[in-house]
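Peer 1: Protein chains in written order, with our numbering: chain A, 462 to 778; chain B, 462 to 778.
Glycine included, each C-beta is placed from N, C-alpha and C at the ideal position.
Structure incoming, see below.
2 protein chains.
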Amino acid sequence: MSSAEETGDGEPGGRTHTGSLAHRVPELGALELLLAVARLGSLGGAARHLGISQPAASSRIRSMERQLGVALVDRSPRGSRLTDAGALVTDWARRIVEAAEAFDAGAQALRDRRDSRLRVAASMTIAEYLLPGWLLALRAQRPDTAVSLLAGNSSAVARRLLSGEADLGFVEGVSVPAGLDSAVIAHDRLIVVTAPGHPWARRRTPLAARELAETPLILREKGSGTRQVLDAALGGLARPLIELSSTTAVKAAAVGGAGPAVLSELAVGEELSMRRLVRVPVADVSLARDLRAVWPTGHRPTGPARHLLSLTRSQRS
Amino acid sequence: MSSAEETGDGEPGGRTHTGSLAHRVPELGALELLLAVARLGSLGGAARHLGISQPAASSRIRSMERQLGVALVDRSPRGSRLTDAGALVTDWARRIVEAAEAFDAGAQALRDRRDSRLRVAASMTIAEYLLPGWLLALRAQRPDTAVSLLAGNSSAVARRLLSGEADLGFVEGVSVPAGLDSAVIAHDRLIVVTAPGHPWARRRTPLAARELAETPLILREKGSGTRQVLDAALGGLARPLIELSSTTAVKAAAVGGAGPAVLSELAVGEELSMRRLVRVPVADVSLARDLRAVWPTGHRPTGPARHLLSLTRSQRS
DNA sequence: TGAGCACATAAGCTGGAGTTATGAGCAGCG
DNA sequence: CGCTGCTCATAACTCCAGCTTATGTGCTCA
Numbered sequence: 462m463s464s465a466e467e468t469g470d471g472e473p474g475g476r477t478h479t480g481s482l483a484h485r486v487p488e489l490g491a492l493e494l495l496l497a498v499a500r501l502g503s504l505g506g507a508a509r510h511l512g513i514s515q516p517a518a519s520s521r522i523r524s525m526e527r528q529l530g531v532a533l534v535d536r537s538p539r540g541s542r543l544t545d546a547g548a549l550v551t552d553w554a555r556r557i558v559e560a561a562e563a564f565d566a567g568a569q570a571l572r573d574r575r576d577s578r579l580r581v582a583a584s585m586t587i588a589e590y591l592l593p594g595w596l597l598a599l600r601a602q603r604p605d606t607a608v609s610l611l612a613g614n615s616s617a618v619a620r621r622l623l624s625g626e627a628d629l630g631f632v633e634g635v636s637v638p639a640g641l642d643s644a645v646i647a648h649d650r651l652i653v654v655t656a657p658g659h660p661w662a663r664r665r666t667p668l669a670a671r672e673l674a675e676t677p678l679i680l681r682e683k684g685s686g687t688r689q690v691l692d693a694a695l696g697g698l699a700r701p702l703i704e705l706s707s708t709t710a711v712k713a714a715a716v717g718g719a720g721p722a723v724l725s726e727l728a729v730g731e732e733l734s735m736r737r738l739v740r741v742p743v744a745d746v747s748l749a750r751d752l753r754a755v756w757p758t759g760h761r762p763t764g765p766a767r768h769l770l771s772l773t774r775s776q777r778s
Numbered sequence: 462m463s464s465a466e467e468t469g470d471g472e473p474g475g476r477t478h479t480g481s482l483a484h485r486v487p488e489l490g491a492l493e494l495l496l497a498v499a500r501l502g503s504l505g506g507a508a509r510h511l512g513i514s515q516p517a518a519s520s521r522i523r524s525m526e527r528q529l530g531v532a533l534v535d536r537s538p539r540g541s542r543l544t545d546a547g548a549l550v551t552d553w554a555r556r557i558v559e560a561a562e563a564f565d566a567g568a569q570a571l572r573d574r575r576d577s578r579l580r581v582a583a584s585m586t587i588a589e590y591l592l593p594g595w596l597l598a599l600r601a602q603r604p605d606t607a608v609s610l611l612a613g614n615s616s617a618v619a620r621r622l623l624s625g626e627a628d629l630g631f632v633e634g635v636s637v638p639a640g641l642d643s644a645v646i647a648h649d650r651l652i653v654v655t656a657p658g659h660p661w662a663r664r665r666t667p668l669a670a671r672e673l674a675e676t677p678l679i680l681r682e683k684g685s686g687t688r689q690v691l692d693a694a695l696g697g698l699a700r701p702l703i704e705l706s707s708t709t710a711v712k713a714a715a716v717g718g719a720g721p722a723v724l725s726e727l728a729v730g731e732e733l734s735m736r737r738l739v740r741v742p743v744a745d746v747s748l749a750r751d752l753r754a755v756w757p758t759g760h761r762p763t764g765p766a767r768h769l770l771s772l773t774r775s776q777r778s
């Protein structure tokens, strides 16, 4: 279970209860219904809002209550209000629904490939962590902008832009590919992390560059933006313990205790705050990098591209 | 749509596509299956892992691909690998599944009320934003600890503890209720936020206390921990534009542009990074507050309570 | 060449979630 | 006072998504 090859689902202890999550967590439709009930104050109203019949809503809520073993709504002849537990459950449910909205926005962009009004090419890290949020914001302001997304490394992004296959790109490399103009939209930093059990986790004196360069680390493969930045900062010296081809795999290996890893701050927010990983202070090494929007030299973004760009730039990171 | 009474689902633009999310996002079971395929490298293996038949897995993945309009896995006679798009989709899916795990952990605690080995009482904000994560961490380390959760305001938490109905409590008030010992586990800060369109959103000079006290704000009701801290900081002067009874409602009103709101940092992380809300700098006012674990004086937590406490204390916030 | 693993296809069963139709409780109003 | 209009609940029926088992095909390796 600690094999570094695993893409990992972040649950080192394995399933603790029989039956998969899907059996214990209501499905998305039910959660959406619950949110609608919370907002509208009535089952029938929520049903209407979602385009289903009132009995359907009633029964869905009821079976959700049975499934969770908790009363969620107080029904009365003149409406329904959430119980205290229901309010809490609804807040947790909202998190799931928000993640689902991001998923949807991303998936839609992945599908639309043809005839979209805005074709975006982005590096993996940006596509993974930032783009869905931007797409949601864009959709909220310009609901009818069809966006397509193509993810790849910096040179792939550059190629797409130069060949006219994409209107706007996002890269995280150290340098801007030739032929492109760019604007910095956010700052990112690579950080060193370990599982809480690792000796470095308790360290208070910052790591020196030499120490970092001498220790075998869990790393992305050579050629990835992350690796480039690290190699540059250390002078080409990063010593791999293992090399993995996705951020997720690196995280999983680190969480599993395989060793220290170097990852983008963006990628580990959740893991840090849930204490599955610990940040190791580093001195002496500059692991900051810029996230940039890029476009073919001279072709300053217009229309939807300009709009998306303005959304991303106001981001504080 | 901008009525402040709405509990809001954070989508100011309304549904932009027909059909609810649930029709466009695969259900949890399918997403879990996808994660398993990513991890195990084979449909059959994933099927076995989830306790379903191989054809079931095959068909589920296939219909997910049809639904999303994107090829997710490359099938071969000796296994299946994710396509590039599939890897991206899987990463987004993992977010949903993680939110579902938090939901599950929370819901389980809400249900178990009786005969649990660890009975927790927590303030709403902590129950909402922090506790699910702690419960997941606890479950990962001590899978068989049944936890029950009761959410309420500070005095309700104190009552439960003193009457022996709870073993460990969490509060966010300014003062520790009488009869309880406490330990600070994290720091929180109230911040002033507005919708991006509000004049204050572009402000660079910090707000003074007087200015804040003179402006009508979207606030939690009197008696809530949040309100107490604000009133104390301003000298009891906070002037409400509207008073709402849940953090969520306050957020929704602020996002909808009803005015400036004062909210816990914990509550608005997502909204800030997605730029649905903007933080307004404040000078001159101390809105920091401690989050505390509490227990009856003298009854220092032991067993599962001690373990949970140690998990929360290592949290950096 | 036969065993073993992978995925796909086919046919049949089942249950959950939907529908319509109807009943019952409470509020407000002429 | 009883009508109207809102709420939610119950009942009977339909239907399809997703499951199962059984079988077929393709690749690899001993």
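Tell me, which residues are paired with Thr655/B by DSSP?
Peer 2: Beta-bridge pairing links Thr655/B to Val739/B.
Peer 1: What are the residues that DSSP puts in a beta bridge with Glu704/A?
Peer 2: Partner(s): Leu680/A.
Peer 1: Taking Cβ-Cβ distances below 9 Å as the criterion, which residues of the region 533–559 of chain B are in contact with chain A?
Peer 2: Within the region 533–559 of chain B, the residues whose Cβ lies closer than 9 Å to some Cβ of chain A are Leu543, Asp545, Ala546, Ala548, Leu549, Val550, Thr551, Asp552, Trp553, Ala554, Arg555, Arg556, Ile557, Val558 and Glu559, listed in chain order.
Peer 1: Does chain B have any CB closer than 8 Å to the CB of Asp470/A?
Peer 2: Any reading at Asp470/A must be qualified, since the residue scores a pLDDT of 39, below 50, and its modelled position is unreliable; the value itself is stated next. With 8 Å as the cut-off, Asp470/A counts as an interface residue toward chain B.
Peer 1: Suppose the cutoff is 6 Å on Cβ atoms and the five residues either side in sequence are ignored; what does the same chain contact list for Leu825/B look like?
Peer 2: Since the displayed chain B opens at 462 and closes at 778, residue 825/B lies outside it and no answer follows.
Peer 1: Going by CA-CA distance only, name the one from Leu727/B, Gly630/B and Val743/B that's closest to Pro721/B.
Peer 2: Taking only the C-alpha atoms, the option nearest Pro721/B is Val743/B.
Peer 1: Quick check on this structure: which residue in Arg665/A, Pro701/A and Gly696/A has the alpha carbon closest to the alpha carbon of Ile679/A?
Peer 2: Considering only alpha carbons, the answer is Pro701/A.
Peer 1: Can you name, in chain order, every residue of its own chain whose Cβ lies under 6 Å from the Cβ of His760/B, other than the five neighbours on each side?
Peer 2: Excluding positions up to five away in sequence, the list is empty.
Peer 1: Roughly how many whole angstroms lie between the Cα atoms of Leu549/B and Ala588/A?
Peer 2: About 8 Å.
Peer 1: Find out if the Cβ-Cβ distance for the pair Ala554/A, Val531/A is shorter than 8 Å.
Peer 2: No; because the gap between Cβ atoms is not below 8 Å, this pair is not in contact.
Peer 1: Using 10 angstroms around the beta-carbon of Ala728/A, count the other beta-carbons present and answer buried if the total reaches 16, otherwise exposed.
Peer 2: Ala728/A comes out buried.
Peer 1: Whole angstroms is fine: what's the gap from His484/A's alpha carbon to Gly512/B's?
Peer 2: Cα-Cα distance, rounded: 12 Å.
Peer 1: Name, please, each residue of chain B whose Cβ falls closer than 8 Å to the Cβ of Arg485/A.
Peer 2: Simply Asp565, Ala568 and Gln569.
Peer 1: Is His648/B buried or exposed, if buried means 16 or more other CB atoms sit within 10 Å of its CB?
Peer 2: That one is exposed.
Peer 1: On the DSSP letters alone, give me the boundaries of the beta strand (DSSP E) that Val531/B sits inside.
Peer 2: Neither: Val531/B is in no beta strand (DSSP E) and is coded neither H nor E.
Peer 1: Which runs of the beta strand (DSSP E) spanning at least 3 residues fall entirely within the region 484–564 of chain A, listed in chain order?
Peer 2: Listed in chain order, the complete beta strand (DSSP E) runs (minimum 3 residues) inside the region 484–564 of chain A are 534–537 and 540–543.
Peer 1: Flag Leu772/B as yes if its beta-carbon sits less than 8 Å from any beta-carbon of chain A, otherwise no.
Peer 2: Yes, its Cβ sits closer than 8 Å to a Cβ of chain A.
Peer 1: Distance cutoff 8 Å, beta carbons only. Does Ser463/A sit that close to anything in chain B?
Peer 2: Confidence at Ser463/A is low in this model, with a pLDDT of 35, below 50, so the placement of that residue should be treated as unreliable; the coordinate-derived value is given next. No - not a single Cβ of chain B is within 8 Å of the one on Ser463/A.
Peer 1: Run through DSSP, which three-state label would Val618/A get?
Peer 2: Helix.
Peer 1: For a contact meaning CB atoms closer than 8 Å, what does Val531/A contact in chain B?
Peer 2: Chain B residues near Val531/A: Ala568, Leu571 and Arg572.
Peer 1: Distance cutoff 8 Å, beta carbons only. Does Pro757/B sit that close to anything in chain A?
Peer 2: Cβ-Cβ to chain A under 8 Å: no for Pro757/B.
Peer 1: On the criterion of 16 or more Cβ atoms from any shown chain inside 10 Å, does Ala749/A qualify as buried, or is it exposed?
Peer 2: It is exposed - the Cβ of Ala749/A has fewer than 16 other Cβ atoms within 10 Å.
Peer 1: Does chain B have any CB closer than 8 Å to the CB of Gly594/A?
Peer 2: It does: the Cβ of Gly594/A has a partner Cβ on chain B nearer than 8 Å.
Peer 1: Take the Cβ of Leu698/B as the centre, count every other Cβ of all protein chains shown within 10 Å, and call the residue buried at 16 or more, exposed below.
Peer 2: It is exposed - the Cβ of Leu698/B has fewer than 16 other Cβ atoms within 10 Å.
Peer 1: Quick check: the region 519–536 of chain A against the region 517–528 of chain B, are at least 3 beta-carbon pairs closer than 8 Å?
Peer 2: As far as the Cβ criterion goes, the region 517–528 of chain B does not touch the region 519–536 of chain A, which means the pair count is below three.
Peer 1: What residue range is occupied by the uninterrupted beta strand (DSSP E) comprising Val723/B?
Peer 2: Note, Val723/B: beta strand (DSSP E), Ala722 to Ser725.
Peer 1: Have a look at Asp535/A and Gly506/A and give me their C-alpha separation to the nearest angstrom.
Peer 2: Cα-Cα distance, rounded: 15 Å.
Peer 1: I need the DSSP call for Leu623/B, collapsed to helix, strand or coil.
Peer 2: If DSSP states are grouped into helix, strand and coil, Leu623/B belongs with the helices.
Peer 1: How would you label Ala639/B, buried or exposed, when you count the other beta carbons within 10 angstroms and need 16 or more for buried?
Peer 2: When all chains shown are included, Ala639/B counts as exposed.
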